[in-house]
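A quick write-up on the structure given underneath.
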Amino acid sequence: MKLSLADARKLQRLGRGEKLPSSQFNNALSALLLEEEVLQILPKGSRKTYYVRNQATLDDFLYNRFNVSNLSLYVETLEKEDLLRADLARQVGDTKIRPVRSFKGFCVNCYQPLQSMLNEKPFVVSPVEGSYLFISDFETFVPDPGVTVVGMENPENFRYIRQQAYLFNNITPLFVCRYPQTQSKDLIRWLAAILNPYLHFGDFDPAGLNVFSNEYLPYLAGKAHYFVPDDIEEWLDRGSRERYDKQSFNLSPECLELPEVQKLVGLIHKHKRGLDQEVFIRFE
């Protein structure tokens, strides 16, 4: 049995002299505490209330059963938002008692050196071709104000940014990708916190626009736009009819107010086709 944060908080309250209803305790823990005579019962009609008569008895039980020598420190450790496995190992003695995301953050990429700040220190983002940078302390990562953050929805486009540089001659791009941390909200949190504009580069079909509208724009309204190449109509004419037939739009009113989205939706309906963003990767 492991001592959960919820149970530790209850024992902490009992240690301060409070009395708690028996219904607040899980049966396994309360049975153990009663067996060890740590808990005392105060009958109240058909209900029972628990209390601790001797703090030393509780302390001994916690140490012998859970290796907890300081209950307050145990609770404080488990309550930390930025908890490290090292904290659990030192203070709790069990790195698996609470899930900890050790691998937080997201990947960035660029084809020219970009100035930024990381942990309040100057930091040049300049990965060599064939590599990315993984930003773990993303809360302190601040790009230069002149940088436009470009979100690459598909990993292959993120890998081959140099083969798409011709698309971004009018901006200074820093490319980001939510893969492989797809279940994490780190990237969205960071994008919402910084002042830089955001340009979303996804597929040119209903599904691609839906991702932008429902997963990005609600958090980035006012600074987010959808990337639409100047020659998109020419490419859409070569796109997939099947994709258009199988997908449907689910766009927010805010998304439909963006001029580039209005243009793209109109062209998709006009040609009745969808297009993968990978088509813009040029190796020649």
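Residue numbering for the sequence shown follows numbering that gives the first Met the number 0, beginning at 0 and increasing consecutively.
Glycine is no exception: its CB is placed at the ideal position from the N, C-alpha and C atoms.
Problem set entry | Pick from M0, K184, E119, K43 that is closest to F105, judged by C-alpha positions | What you label residue 105 is simply residue 106 of the sequence shown in a count that begins at 1. Among M0, K184, E119, K43, the Cα nearest to that of F105 belongs to K184.
For this session: May I ask you to report which of helix, strand or coil DSSP gives R177?
Result: The residue labelled residue 177 in the question sits at position 178 within the sequence shown. Here R177 sits in coil by DSSP.
Problem set entry | Validate contact between the region 103 to 123 and the region 30 to 46 using beta carbons, cut 8 Å, 3 pairs | no
Problem set entry | Candidates L274, A223, E256, S247: closest to E232 by CA position | By one-based count along the sequence shown, residue 232 stands at place 233. Considering only alpha carbons, the answer is L274.
For this session: Could you tell me how far apart the beta carbons of E152 and G207 are, in whole angstroms, since I believe they sit closer than 8 Å?
Result: The sequence position of residue 152 within the sequence shown is 153, counting from 1. The sequence position of residue 207 within the sequence shown is 208, counting from 1. About 7 Å separates the two Cβ atoms, so the contact holds.
Exercise. Does the beta-carbon of N156 have 16 or more other beta-carbons within 10 angstroms, so that it is buried, or is it exposed?
Worked result: Position 157 of the sequence shown, counted from the first residue, corresponds to residue 156. Burial call: buried.
For this session: With a 10 Å radius around its C-beta and 16 neighbouring C-beta atoms as the bar for buried, classify A7 as buried or exposed.
Result: Within the sequence shown, residue 7 is the residue found at index 8, counting from 1. Buried.
For this session: Count the other CB atoms, across all protein chains shown, that sit within 10 Å of the CB of A192; report buried if there are 16 or more and exposed otherwise.
Result: Taking the first residue of the sequence shown as position 1, residue 192 is located at position 193. Result: exposed.
Problem set entry | With 16 other Cβ atoms within 10 Å as the buried cut-off, status of H199 | Here the question's residue 199 lines up with position 200 in the sequence shown. Flag for H199 reads buried.
Exercise. Are the CB atoms of Q114 and D143 nearer to each other than 7 Å?
Worked result: Within the sequence shown, numbered from 1, the residue matching residue 114 stands at position 115. Within the sequence shown, numbered from 1, the residue matching residue 143 stands at position 144. Yes, they are a contact pair.
Exercise. Do the region 256 to 271 and the region 230 to 245 make contact, defined as three or more Cβ pairs closer than 8 Å?
Worked result: yes
Problem set entry | Limits of the unbroken alpha helix (DSSP H) element including S115 | Your numbering for residue 115 matches position 116 in the sequence shown. No alpha helix (DSSP H) holds S115; the beta strand (DSSP E) holding it covers 113 to 117.
For this session: Reducing DSSP to helix, strand and coil, say where N168 ends up.
Result: Start at 1 with the first residue of the sequence shown, and residue 168 comes out as number 169. DSSP places N168 in coil when its eight states are reduced to three.
Problem set entry | Whole-angstrom distance between S22 and R46, CA atom to CA atom | Translated into positions along the sequence shown, residue 46 becomes position 47. Translated into positions along the sequence shown, residue 22 becomes position 23. Going by the C-alpha atoms only, they are around 9 Å apart.
Exercise. Considering only the beta carbon of each residue, do V148 and Y197 sit closer than 7 Å?
Worked result: The residue given as residue 148 occupies position 149 in the sequence shown. The residue given as residue 197 occupies position 198 in the sequence shown. Closer than 7 Å, so yes.
For this session: Take E128 and list the residues in its own chain whose beta-carbon comes closer than 7 Å to its own, dropping the five residues that flank it on each side.
Result: The residue given as residue 128 occupies position 129 in the sequence shown. Only R161 meet the Cβ criterion.
Exercise. For A220, which three-state DSSP category applies?
Worked result: For the purposes of this step, residue 220 is taken as the residue at position 221 of the sequence shown. Of the three classes helix, strand and coil, the one that applies to A220 here is coil, per DSSP.
Exercise. Out of P172, Y165, I170, L173, which has the shortest C-alpha to C-alpha gap to R281?
Worked result: As a working mapping, residue 281 is identified with position 282 in the sequence shown. The candidate whose alpha carbon is nearest that of R281 is Y165.
For this session: Grab me the residues of V260's own chain with a C-beta within less than 6 Å of its C-beta, minus the 5 sequence neighbours each way, in chain order.
Result: Counted from its first residue, the sequence shown places residue 260 at position 261. So the list reads Y225, C254, once near-sequence residues are dropped.
Exercise. Using DSSP with H/G/I as helix, E/B as strand and the rest coil, what is C109?
Worked result: Position 110 of the sequence shown, counting from 1, holds the residue named residue 109. Here C109 sits in coil by DSSP.
For this session: Report the option in L173, R158, C176, V278 whose CA atom is closest to the CA atom of D202.
Result: Mapped onto the sequence shown, residue 202 falls at position 203. The shortest Cα separation from D202 among L173, R158, C176, V278 belongs to V278.
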